[in-house]
Amino acid sequence: MSMLSDAVFSEAYRFTKNRMTVFWSVVFLPIALLCLSSIGQFFLKQKMAEIGNDPRLPPALLGQGALDLGHSLVKLAGDTANPLLLLFIMIGTATLYAGDYRWETWRLTSARNTRANLILGKVGVAKLLTLAALIVFLIFGFAGELVKGMIHGQSYVFHFGGKQAGEFGLLALTGYIRVVQVGLIGLLAAVMTRSLLATLFVPLVVSIAQFFLMQSMPLIGWTGTEWYAQAVIPGLAYDNLKSAILGGAMSAVPDATVWAAAISLVGWCVVLLIGAVLWFQRQDLSKE
Amino acid sequence: MTSVIETRALTKTYGTVRALDGLSLEIPKGGVYGVLGPNGAGKSTLFRILLGLIRPSEGQAIVMGGPIGDVKASRRMGSMIETPRFPPFMTARQVLVWLSTSHGLKADPKRVEAWLERVGLTGAADRKVRGFSVGMLQRLGVAIALITEPELIILDEPTSGMDPPGIQEMRALIRSLSDHDGITVVLASHQLLEVQRVCDRVAIMNKGKLVREGSVSELTTSGERLRLSVKPSEKVLQVLGAKGSMEGSAVIAAIPRNEGPALLKALIEQGVDIDEARWVGADLESVFMTETGSVQIPEAIQ
Chain U
7 MSMLSDAVFS EAYRFTKNRM TVFWSVVFLP IALLCLSSIG QFFLKQKMAE
57 IGNDPRLPPA LLGQGALDLG HSLVKLAGDT ANPLLLLFIM IGTATLYAGD
107 YRWETWRLTS ARNTRANLIL GKVGVAKLLT LAALIVFLIF GFAGELVKGM
157 IHGQSYVFHF GGKQAGEFGL LALTGYIRVV QVGLIGLLAA VMTRSLLATL
207 FVPLVVSIAQ FFLMQSMPLI GWTGTEWYAQ AVIPGLAYDN LKSAILGGAM
257 SAVPDATVWA AAISLVGWCV VLLIGAVLWF QRQDLSKE
Chain V
507 MTSVIETRAL TKTYGTVRAL DGLSLEIPKG GVYGVLGPNG AGKSTLFRIL
557 LGLIRPSEGQ AIVMGGPIGD VKASRRMGSM IETPRFPPFM TARQVLVWLS
607 TSHGLKADPK RVEAWLERVG LTGAADRKVR GFSVGMLQRL GVAIALITEP
657 ELIILDEPTS GMDPPGIQEM RALIRSLSDH DGITVVLASH QLLEVQRVCD
707 RVAIMNKGKL VREGSVSELT TSGERLRLSV KPSEKVLQVL GAKGSMEGSA
757 VIAAIPRNEG PALLKALIEQ GVDIDEARWV GADLESVFMT ETGSVQIPEA
807 IQ
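Residue numbers (the numbering used here), protein chains in the order written: chain U, 7 to 294; chain V, 507 to 808.
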């Protein structure tokens with residue numbers, strides 16, 4: 007355990023010194039989204055003044071009525087695994103997973119710890135990075151909602167009872183696992199290819215391929231609720247879990263699909279991690 | 507003799523190339539041990555195997571009493587393989603703190619400072635390593651090899667890329683590690699004169715095999731020849747037979763030192779006029795060239 011914590015601490019120490027990567031993977035997108043959303047709300051407010059208050063448009067769209075910040079939080083938690091955020095988090099995880107190949111620093115660390123610990127140390131820091139990035143995303147997203155209310159002169163309410171808290175927690179957890187799972191595709195790519203670019207792009211290519219497979223499901227006779235569809239397409243599993251969480255008892259997603267989806271997300275993580283550790287155990291850490 | 511490294515029939519193949527070919531070697535505890543060989547002799551492959559970076563195809567090795575990859579044993583040794591590379595965004599001090607943590611040590615600032623001072627990097631401690639020269643990277647590499655206060659240090663080409671004063675400092679540092687800190691140093695180098703000056707024992711490798719092993723004095727003494735300025739030289743060559751040869755006007759007798767007096771006595775008895783007789787020592791360079799067939803001339807001689 008102590009050797010694993012050595013691996014985690016040293017990896018975390020090194021990563022925090024890589025300030026550019028920390029900025030791009032954790033801070034940049036939430037700030038950019040906050041700025042863009044604020045500009046967008048200003049633009050919307052101006053347009054509203056131009057077209058007048060059309061009663062046919064819903065009050066929320068017009069920036070009228072009270073803004074439910076509890077609902078906003080749940081909505082943000084449901085958006086934690088959005089592809090854009092995933093892409094920026096991948097900058098950090100790819101650097102973590104492939105950095106030692108890029109800088110040839112395995113030779114400095116590999117003799118001092120077990121290979122399994124070295125990989126698990128990286129995964130541990132990648133999980134912390136993902137958590138930090140999601141928290142920053144939620145904070146800035148929440149700030150964006152506050153700014154939106156200010157721009158439109160809305161009042162705030164905060165309905166965040168047991169139901170909303172449960173939905174928020176489950177959505178955030180599911181999104182977190184989904185981001186970690188995509189990152190682990192990068193880990194396997196890193197140990198197999200030793201390339202930073204492959205570590206960054208293979209998960210994206212796999213995710214895009216899975217997206218197209220999801221769109222093609224009707225062509226191959228899949229309804230999207232089958233267990234094998236969840237197993238093959240973790241993106242679909244994530245979507246089904248989100249629907250089930252937001253739908254609650256009224257959800258159209260069958261219980262069996264929910265279980266299959268949850269097992270798929272966690273299963274992908276476990277299989278990818280085991281695959282990466284096994285590959286790394288047998289790997290020659292030399293370019294010769 | 508306690509050994510810190512022991513290899514038995516160690517073999518590493520890359521496709522059809524045998525980088526190591528059944529290497530059996532025993533490196534004793536204490537002193538400075540040099541591994542010599544031309545390019546492609548298998549030195550770096552041997553070191554990489556000993557450090558667990560690559561797996562041997564056959565054979566086995568015991569390092570610090572444990573098999574390859576045994577972390578407990580590995581934690582008692584330090585290493586620097588060729589010019590080390592570091593994450594470019596880190597400073598020298600941060601690299602030392604990072605690797606101290608990675609090695610399970612508390613990164614004590616005083617300790618970090620002491621190692622920076624020892625390798626002459628105090629002034630550059632807070633500079634990013636991306637701006638370091640090769641020599642500075644080598645020094646930082648040595649500091650890293652030392653942070654765990656190891657019993658064994660493996661250095662692959664420790665003076666590569668260094669200027670002459672830097673080489674001299676590195677040589678002094680290596681000797682002091684052995685003489686004052688009691689660390690066993692194993693190094694590979696092309697710099698034969700450096701090896702001769704700094705090492706106590708030497709192994710010469712060629713084409714993945716061990717071709718010669720022994721103390722530096724043994725190897726150089728075994729290469730000694732008796733140089734004779736004599737008249738008539740023909741008579742001396744007759745006495746020496748296959749052991750005699752001409753070098754300019756002098757006769758070279760390839761005989762061990764203990765046979766010298768008997769030879770001189772015999773020559774005097776036969777009426778040979780001896781103007782001069784002196785032992786000509788072989789240096790490591792000539793031993794190296796003989797043993798490796800000088801297929802590839804080492805950098806130091808080029």
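We treat Cβ as the ideally placed atom computed from N, Cα and C, and that holds for glycine.
All values derive from a computational prediction rather than experimental measurement.
How would you list, in chain order, the residues of chain U whose beta-carbon sits under 9 Å from the beta-carbon of residue i?
i: V:Thr513; result: Those do not exist, as V:Thr513 stays about 17 Å from chain U at its closest Cβ, beyond 9 Å.
i: V:Arg554; result: Arg113, Asp290, Leu291, Ser292, Glu294
Answer yes or no: do residue i and residue j have a C-beta to C-beta separation smaller than 8 Å?
i: U:Ala139; j: U:Val32; result: yes
i: V:Ile467; j: U:Ser201; result: Chain V is shown from 507 up to 808; residue 467 of chain V falls before or after that span and cannot be answered.
i: U:Leu177; j: U:Ala83; result: yes
i: U:Gly230; j: U:Leu242; result: yes
i: V:Pro738; j: V:Ile689; result: no
i: U:Ser257; j: U:Ser270; result: no
i: V:Trp785; j: V:Glu730; result: yes
i: U:Ala215; j: U:Ala204; result: no
i: V:Thr726; j: V:Gly766; result: no
i: V:Leu652; j: V:Trp621; result: yes
i: V:Ile659; j: V:Met711; result: no
i: U:Gly192; j: U:Ala100; result: yes
i: V:Leu516; j: V:Ile555; result: yes
i: V:Leu790; j: V:Leu698; result: yes
i: U:Ala282; j: U:Val131; result: no
i: V:Thr735; j: V:Glu782; result: Thr is not the amino acid found at residue 735 of chain V; the sequence shown has Ser there. Contact: yes.
i: U:Trp109; j: V:Pro593; result: yes
What span of residues does the alpha helix (DSSP H) with residue i cover, start to end?
i: V:Pro534; result: Premise fails: V:Pro534 lies in the beta strand (DSSP E), 523 to 534, not in any alpha helix (DSSP H).
i: U:Thr27; result: 25 to 28
i: U:Ile97; result: 89 to 108
i: U:Thr263; result: 261 to 287
i: U:Glu232; result: First-last for U:Glu232: undefined, no H or E at that position.
i: V:Thr551; result: 549 to 556
i: V:Lys518; result: Note, V:Lys518: premise wrong, no alpha helix (DSSP H); beta strand (DSSP E) at 509 to 520.
i: U:Gly76; result: 75 to 83
i: V:Ala579; result: 577 to 580
i: V:Val625; result: Premise fails: V:Val625 is in no alpha helix (DSSP H) and is neither H nor E.
i: U:Leu114; result: 112 to 115
Taking the continuous beta strand (DSSP E) assigned at residue i, which residues delimit it?
i: V:Met586; result: 583 to 586
i: V:Lys612; result: Run containing V:Lys612: none; DSSP gives neither H nor E here.
i: U:Gly46; result: It is not in any beta strand (DSSP E) - U:Gly46 instead sits in the alpha helix (DSSP H) that spans 34 to 57.
i: U:Gly253; result: From DSSP, U:Gly253 is part of no beta strand (DSSP E) but of the alpha helix (DSSP H) over 240 to 253.
i: V:Val793; result: Here V:Val793 belongs to no beta strand (DSSP E); instead the alpha helix (DSSP H) covers 790 to 798.
i: V:Leu542; result: 538 to 542
i: V:Ala567; result: 564 to 569
Just the chain V side, please: which residues come within less than 7 Å of residue i by C-beta, in chain order?
i: U:Ala117; result: Leu557, Gly558, Ser580, Ser585
i: U:Gly120; result: In the sequence as displayed, the identity of residue 120 of chain U is Thr instead of Gly. The answer, in chain order, is Val577.
i: U:Gly105; result: Pro593
Using a Cβ cut-off of 9 Å, pull out every chain V residue sitting near residue i, in sequence order please.
i: U:Trp109; result: Arg591, Phe592, Pro593, Pro594
i: U:Ser8; result: Gly610
Can you name the residues of chain U whose CB is closer than 7 Å to the CB of residue i?
i: V:Ile650; result: Leu114
i: V:Thr607; result: Asp12, Phe15, Ser16, Tyr19
i: V:Arg561; result: Asp290
i: V:Gln600; result: Lys23
Kindly list, in the order they appear in chain U, the residues whose Cβ is closer than 8 Å to that of residue i.
i: V:Trp604; result: Ser16, Tyr19, Arg20, Lys23
Residue i versus chain V: which residues are under 8 Å apart at the beta carbon?
i: U:Met198; result: Those within 8 Å of U:Met198 in chain V number zero; the least Cβ separation is about 17 Å.
(request) Output the residue ranges of the alpha helix (DSSP H) runs that lie fully inside the stretch 133 to 207 of chain U and measure 4 residues or longer, sorted by chain position. (result) 168 to 199
(request) Entirely within the stretch 692 to 778 of chain V and at least 4 residues each: give me those alpha helix (DSSP H) ranges in chain order. (result) 698 to 704, 722 to 728, 739 to 746, 766 to 775
(request) Quick one: which residues of the stretch 620 to 632 of chain V get their C-beta closer than 8 Å to a C-beta of chain U? List them in chain order. (result) Those would be none; no residue qualifies.
(request) Can you give me, in chain order, the residues of the stretch 16 to 32 of chain U that have a beta carbon less than 7 Å from any beta carbon in chain V? (result) Ser16, Tyr19, Arg20, Lys23, Asn24
(request) Pick out the complete beta strand (DSSP E) segments inside the stretch 640 to 671 of chain V, 3 residues or longer, and give them in chain order. (result) 658 to 662
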